[in-house]
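Residue numbers (numbering that gives the first Met the number 0), protein chains in the order written: chain A, 0 to 365; chain E, 0 to 365.
Let me begin by presenting the structure, written as C-alpha cells, before commenting on it.
There are 2 protein chains.
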Amino acid sequence: MGGRSLGRRGSELAGMAATGRRVTGEKALIAALRRQVSVRGARSASELRLGMGDDCAIVRPRVGEEIVVTTDFSLEGVHFRRDWHAPEAVGHRCLARGLSDLAAMGARPVAAFLSLAVPEEFTVARGGTSWVQRFFDGLLSLAAEHGCALAGGDTAQARGGACFDIVALGAVKRGKAWLRSGARAGDYIYVTGALGGAAGELLAVERHSRKFVRLAQAERGHPHVFPEPRVKVGQRLAAMREVHAAIDVSDGLSTDLMHLCEESGVAAELDAEAIPVHALAMEADRRGWASSGLELALHGGEDYELLFTAGPEVRVPRKIAGVEVHRIGRMVRRAPGKPRISLRTSAKRIVAVEAGGCEHFGKSGD
Amino acid sequence: MGGRSLGRRGSELAGMAATGRRVTGEKALIAALRRQVSVRGARSASELRLGMGDDCAIVRPRVGEEIVVTTDFSLEGVHFRRDWHAPEAVGHRCLARGLSDLAAMGARPVAAFLSLAVPEEFTVARGGTSWVQRFFDGLLSLAAEHGCALAGGDTAQARGGACFDIVALGAVKRGKAWLRSGARAGDYIYVTGALGGAAGELLAVERHSRKFVRLAQAERGHPHVFPEPRVKVGQRLAAMREVHAAIDVSDGLSTDLMHLCEESGVAAELDAEAIPVHALAMEADRRGWASSGLELALHGGEDYELLFTAGPEVRVPRKIAGVEVHRIGRMVRRAPGKPRISLRTSAKRIVAVEAGGCEHFGKSGD
Numbered sequence: 000m001g002g003r004s005l006g007r008r009g010s011e012l013a014g015m016a017a018t019g020r021r022v023t024g025e026k027a028l029i030a031a032l033r034r035q036v037s038v039r040g041a042r043s044a045s046e047l048r049l050g051m052g053d054d055c056a057i058v059r060p061r062v063g064e065e066i067v068v069t070t071d072f073s074l075e076g077v078h079f080r081r082d083w084h085a086p087e088a089v090g091h092r093c094l095a096r097g098l099s100d101l102a103a104m105g106a107r108p109v110a111a112f113l114s115l116a117v118p119e120e121f122t123v124a125r126g127g128t129s130w131v132q133r134f135f136d137g138l139l140s141l142a143a144e145h146g147c148a149l150a151g152g153d154t155a156q157a158r159g160g161a162c163f164d165i166v167a168l169g170a171v172k173r174g175k176a177w178l179r180s181g182a183r184a185g186d187y188i189y190v191t192g193a194l195g196g197a198a199g200e201l202l203a204v205e206r207h208s209r210k211f212v213r214l215a216q217a218e219r220g221h222p223h224v225f226p227e228p229r230v231k232v233g234q235r236l237a238a239m240r241e242v243h244a245a246i247d248v249s250d251g252l253s254t255d256l257m258h259l260c261e262e263s264g265v266a267a268e269l270d271a272e273a274i275p276v277h278a279l280a281m282e283a284d285r286r287g288w289a290s291s292g293l294e295l296a297l298h299g300g301e302d303y304e305l306l307f308t309a310g311p312e313v314r315v316p317r318k319i320a321g322v323e324v325h326r327i328g329r330m331v332r333r334a335p336g337k338p339r340i341s342l343r344t345s346a347k348r349i350v351a352v353e354a355g356g357c358e359h360f361g362k363s364g365d
Numbered sequence: 000m001g002g003r004s005l006g007r008r009g010s011e012l013a014g015m016a017a018t019g020r021r022v023t024g025e026k027a028l029i030a031a032l033r034r035q036v037s038v039r040g041a042r043s044a045s046e047l048r049l050g051m052g053d054d055c056a057i058v059r060p061r062v063g064e065e066i067v068v069t070t071d072f073s074l075e076g077v078h079f080r081r082d083w084h085a086p087e088a089v090g091h092r093c094l095a096r097g098l099s100d101l102a103a104m105g106a107r108p109v110a111a112f113l114s115l116a117v118p119e120e121f122t123v124a125r126g127g128t129s130w131v132q133r134f135f136d137g138l139l140s141l142a143a144e145h146g147c148a149l150a151g152g153d154t155a156q157a158r159g160g161a162c163f164d165i166v167a168l169g170a171v172k173r174g175k176a177w178l179r180s181g182a183r184a185g186d187y188i189y190v191t192g193a194l195g196g197a198a199g200e201l202l203a204v205e206r207h208s209r210k211f212v213r214l215a216q217a218e219r220g221h222p223h224v225f226p227e228p229r230v231k232v233g234q235r236l237a238a239m240r241e242v243h244a245a246i247d248v249s250d251g252l253s254t255d256l257m258h259l260c261e262e263s264g265v266a267a268e269l270d271a272e273a274i275p276v277h278a279l280a281m282e283a284d285r286r287g288w289a290s291s292g293l294e295l296a297l298h299g300g301e302d303y304e305l306l307f308t309a310g311p312e313v314r315v316p317r318k319i320a321g322v323e324v325h326r327i328g329r330m331v332r333r334a335p336g337k338p339r340i341s342l343r344t345s346a347k348r349i350v351a352v353e354a355g356g357c358e359h360f361g362k363s364g365d
C-alpha cells in the first residue's frame with residue numbers, strides 16, 4: 000500500500016507488548032527498552048498506577064497533593080552534538096532538564112515520558128550496544144537516582160538529527176508549589192551551588208571535545224556534561240515552607256532572575272561579590288575563553304541550580320542536602336527609570352544587568 | 000560568548016511572560032501563541048490549576064479521579080508533509096492523536112502540552128499569518144471543541160523538518176480506565192464509525208495533493224486530513240461501565256486488535272461482513288488504488304476509531320454520541336496452533352489475519 004512511511008503513527012512505547020519473537024526496528028528498540036526499564040527503573044513512585052503498556056499511563060496523586068507537569072526538548076545540533084557528548088550524557092541531560100523544572104516547583108518526581116525520534120544508525124549495536132541503549136543507560140541511571148519511573152512515550156525514525164522530548168511529572172502539596180510570581184520586595188535572593196560552571200565547561204568541550212565525549216558515566220564536577228538537578232534541595236526547602244518564589248537557572252541567572260522579577264512585579268539588587276562563581280567559569284576566564292568568570296555566572300545557561308527568594312526573617316541554611324546555598328541579593332520595589340536588575344560590583348559601582356540568555360530564533364533584543 | 004546555539008535550553012512556553020515590548024524570534028512566537036491561547040482556549044478544565052507561565056503547569060484531579068497521560072510525535076516527512084497538508088490540518092492531527100488515546104482509556108481531556116521545533120520560515124508571516132499561527136489555529140480549534148486547554152510545552156528552532164510532540168492529560172474515575180488487558184473470552188468486539196477511510200483518503204492525497212492541501216478548516220468526511228477523535232463516545236461508554244477493554248485504531252484494526260489479544264491473552268474471530276468499511280476505502284478500491292476496501296479497513300492506519308469489547312450480555316447501542324457502533328466479532332480462548340485473529344469471509348472461509356501495521360524502522364516481520 001502507498002504511503003508506507005507517511006500517514007501511520009509511530010508505535011507508542013505505551014502500546015507495545017514485549018513478545019518473545021525476534022522483532023525488528025522500532026519494535027526491537029521498544030522491547031529492549033522495556034527490559035532496560037524493568038531492570039533499572041525498579042523503584043516506582045506509588046503515584047504511578049500504570050506505566051508502559053497501554054494507550055496512556057495512569058497517575059494517582061496522594062491525598063492532599065497535586066501534579067506538576069513540564070516538557071523539554073533535546074535536539075541534536077541545538078542542545079547536543081554527537082561528536083561532543085557521549086550518548087549517556089545526552090540521556091542524562093535530557094532528563095535533568097525535566098527534573099530541574101520539578102525541583103523549581105518544590106516537587107517530588109513521579110514519572111517521566113520520553114518521545115524519541117532517532118536516525119536508524121543510532122539503533123545499530125556497535126561493540127555490543129547501540130547509541131540508543133547507551134542513551135537510556137544515562138537517562139535511567141538519573142531516573143533511578145531520583146525515584147522517577149519512565150512511564151511511556153513515543154518513538155519514530157528521525158529524517159534528520161535525533162530529537163528527544165522529555166515530559167516530567169511531579170507531586171507537590173496542594174497549593175504549595177513555588178511560583179515565579181511569589182517574590183516580594185524585601186525578600187532575600189538565594190542560589191544553590193555555583194554558577195557559570197556549565198558555560199565554562201561548554202567552552203572547554205568546544206575546544207577539546209574528544210576528551211569530553213569519553214565521559215560516559217555521571218561524575219560530579221561536570222556541570223555541562225552531567226548536570227545535577229537540585230531535586231533533593233528542592234524537597235528539603237519545600238519542607239521548610241518558607242520559600243516565596245523559585246525558578247531553575249537554565250537560561251542563565253540574568254534571564255531567569257528577570258523572569259522572577261517580571262512575574263512578581265519587583266526589581267532585584269545583586270551583590271557581585273556574593274555570587275558563587277564556579278571553578279570552571281574561573282578557569283575559562285584564566286584561559287581567556289571568556290571575558291570574566293562573573294560574566295559566565297551571570298549569563299551562562301544550563302547551570303540547573305535553584306534560584307529562590309524568602310523573607311528576610313527566614314534563616315536559610317548555608318548547606319542543604321550537601322549543596323551550598325548563597326544569598327546573592329534582595330528583591331526591592333520596582334522604581335520607574337531604574338533597572339529591573341542592578342548589580343553592586345566589587346568596586347561598589349551599581350550597574351544595570353540585562354537578561355543575557357539566548358533566543359533560538361535570533362538574538363534577544365531586550 | 001561561544002556556543003550560542005548549543006548548550007542553552009530553548010525557552011519554555013511555560014516560562015515566558017508576554018511583555019509589552021517588541022520581541023523577536025522565539026519570544027515573539029511564544030507571546031503570539033499565548034495571546035492565541037487566551038482567546039481560543041478560554042474554556043479550561045477545572046483540574047488545570049496553573050497553565051503557561053511557570054516552570055511547570057499544575058493539575059489537580061477531582062476527588063475520586065486519577066490522571067491519564069499520553070505523548071505522540073508528529074514529524075514532518077513521517078506523519079505529515081508540508082506540500083500535502085495545510086498547517087491547520089497538521090495542528091488538528093497532532094492533537095487528535097493525543098485525544099484519541101485519552102478516548103481509548105474512557106478519559107475526559109484536561110490539558111495538552113506541545114513541544115514544537117520548527118524551521119525559521121514557519122514563523123514568518125505570509126499573507127498576514129505564519130505557518131505556525133495556522134498550525135495553532137487548527138490545534139486550538141480542536142482543543143476548544145473538547146474543552147482541553149493548552150497548558151505549556153517547549154519551543155526550539157528545528158535544524159531539519161518540523162517536529163511536534165503532543166502530551167495529553169485526561170481524567171478518569173479511579174481504577175476505571177479501560178486497559179488493553181481487560182478483554183475476556185466470550186466478549187463481543189465493537190468498533191465505532193467506519194474503518195479504512197483515513198488510508199483511503201491518504202491514497203487520494205498522494206495522487207491529488209493540491210486539492211487536499213487547500214482543506215484548511217476541519218470538515219467531517221476527511222478522516223485522514225481532519226480525523227475526529229472519539230472523545231465523546233468514549234465518555235458515554237465510560238458512563239455505561241460495561242466496557243472490558245479498549246484501544247484506539249491508530250495502527251490499523253489488525254495491529255491494534257492484536258495488541259488487545261496479546262495483552263488480554265485471548266484470540267479474536269472477526270466477521271468480514273460485519274466490518275464497517277469507510278466509503279473512501281471503497282472508492283480507493285474502485286479506482287484501483289488498493290487491492291480491496293476490506294484490506295484498507297483491516298490494515299489501514301490512523302482511523303482513530305475506538306475498538307472495544309464488552310460481555311455478551313451487554314446491550315451496546317447502535318449509535319453513541321451520533322457515531323455508529325458495529326459489532327464485528329468476538330473474543331475466544333487462545334488455542335495452540337490457531338491464529339490470534341481469524342476472519343470469516345463472505346464466502347464463509349476462515350482465514351488468519353496478520354498484524355499489518357507499519358514499523359518505522361523497517362517492515363514489520365511478524
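Where a beta carbon is used, it is the ideal one built from N, C-alpha and C, also for glycine.
So which residues of chain E does Gly151/A contact, with C-beta pairs closer than 8 Å? Val68, Thr69, Thr70
CB contact below 7 Å: Asp54/E versus chain A: yes
Could you tell me the distance, in whole angstroms, from the CA atom of Ala244/A to the CA atom of Val204/E? 51 Å
Coil, strand or helix - Ser10/E by DSSP: Its pLDDT being 36, under 50, Ser10/E is placed unreliably by the model, and nothing is read from it.
Ends of the beta strand (DSSP E) at Val324/E? Val324/E -> beta strand (DSSP E) spans 322 to 332.
Run down chain D in chain order and give the residues with a C-beta less than 8 Å from the C-beta of Ala116/A. The structure shown contains no chain D; the protein chains it does contain are A and E.
Compare the Cα-Cα distances from Leu366/A to each of Thr344/E, Arg59/E, Ala155/E and report the closest residue. Because chain A here runs from 0 to 365, residue 366/A falls outside it and cannot be looked at.
Please list, in chain order, the chain A residues whose beta carbon lies closer than 7 Å to that of Val58/E. Residues of chain A whose Cβ lies closer than 7 Å to the Cβ of Val58/E are, in chain order, Glu65, Ile66, Val68.
Please say whether Tyr303/A and Asp255/A have beta carbons closer to each other than 7 Å? no
Since Asp247/E meets chain A, which of its residues come closer than 7 Å, beta carbon to beta carbon? Asp54
Interface flag, Arg314/A vs chain E, CB-CB below 7 Å: no
Proximity winner among Ala271/E, Asp82/E, His277/E, relative to Ala346/E (alpha-carbon distances): Ala271/E
With a Cβ-Cβ cutoff of 7 Å, do Cys162/A and Ala106/A count as a contact? no
Can you name the start and end residues of the beta strand (DSSP E) that Cys55/A belongs to? Element bounds for Cys55/A: n/a, residue is neither H nor E.
So does the segment 172 to 187 of chain E actually touch the segment 128 to 143 of chain E, counting three or more Cβ pairs closer than 8 Å? No: the two stretches stay apart, fewer than three of their Cβ pairs being nearer than 8 Å.
Minimum Cβ-Cβ distance from Ala41/E to chain A less than 7 Å: Its pLDDT being 44, under 50, Ala41/E is placed unreliably in this model, and the value from its coordinates should be taken loosely. No, no contact with chain A.
Examine chain E for any beta-carbon lying closer than 7 Å to the beta-carbon of Arg333/A, and answer yes or no. No, because no Cβ of chain E sits closer than 7 Å to the Cβ of Arg333/A.
Would you mind telling me which residues of chain A sit closer than 7 Å to Gly159/E, beta carbon to beta carbon, in chain order? The answer, in chain order, is Arg158, Gly159, Gly160.
Which residues of the segment 98 to 113 of chain E have a Cβ closer than 9 Å to any Cβ of chain A? Give them in chain order. Ser99, Asp100, Leu101, Ala102, Ala103, Met104, Ala106, Ala110, Phe112, Leu113
Classify Arg219/A as buried or exposed, calling it buried when 16 or more other Cβ atoms lie within 10 Å of its own Cβ. exposed
Chain-ordered residues of the segment 169 to 193 of chain A with a beta carbon less than 9 Å from chain E: Gly169, Val171, Arg173, Gly174, Ala176, Trp177, Leu178, Arg179, Ser180
Kindly indicate if chain A contains any beta-carbon less than 7 Å away from that of Val166/E. yes
Excluding the 5 residues preceding and the 5 following Arg59/A in the sequence, name in chain order all residues of the same chain whose CB lies nearer than 7 Å to its CB. Once the five neighbours on either side are set aside, the close Cβ partners of Arg59/A are Glu46, Arg48.
On the criterion of 16 or more Cβ atoms from any shown chain inside 10 Å, does Ala334/E qualify as buried, or is it exposed? exposed
CA-to-CA distance, Leu342/E to Ala167/A, given in whole angstroms: 42 Å
In whole angstroms, what separates the C-alpha of Lys337/E from that of Leu178/E? Approximately 25 Å between the Cα atoms of the pair.
Of the residues that make up the segment 324 to 349 of chain E, which ones have a beta carbon closer than 9 Å to any beta carbon in chain A? none
Flag Ala296/A as yes if its beta-carbon sits less than 7 Å from any beta-carbon of chain E, otherwise no. no
Distance check for His221/A and Pro228/E, CA to CA, integer angstroms please. 46 Å
Which value, in whole angstroms, describes the spacing of the CA atoms of Ala111/E and Ala148/E? The alpha-carbon atoms of Ala111/E and Ala148/E are separated by roughly 6 Å.
Roughly how many whole angstroms lie between the Cα atoms of Asp82/A and Val212/A? 7 Å
Hey, Gly181/E and Gly159/A: beta-carbon distance below 7 Å or not? Not in contact: Gly181/E and Gly159/A (Cβ atoms no closer than 7 Å).
If you run the structure through DSSP and keep just helix, strand and coil, what is Arg343/A? strand
Could you check what DSSP says for Phe225/E in three-state terms: helix, strand or coil? Residue state, collapsed to three classes: coil.
Is the separation between the beta-carbon of His277/A and that of Ala193/A shorter than 7 Å? yes
Excluding the 5 residues preceding and the 5 following His298/E in the sequence, name in chain order all residues of the same chain whose CB lies nearer than 8 Å to its CB. Within the same chain, Cβ atoms closer than 8 Å to the Cβ of His298/E are found at Ala198, Gly251, Leu252, Ser253, Thr254, Gly355, Gly356, the five residues on either side in sequence being excluded.
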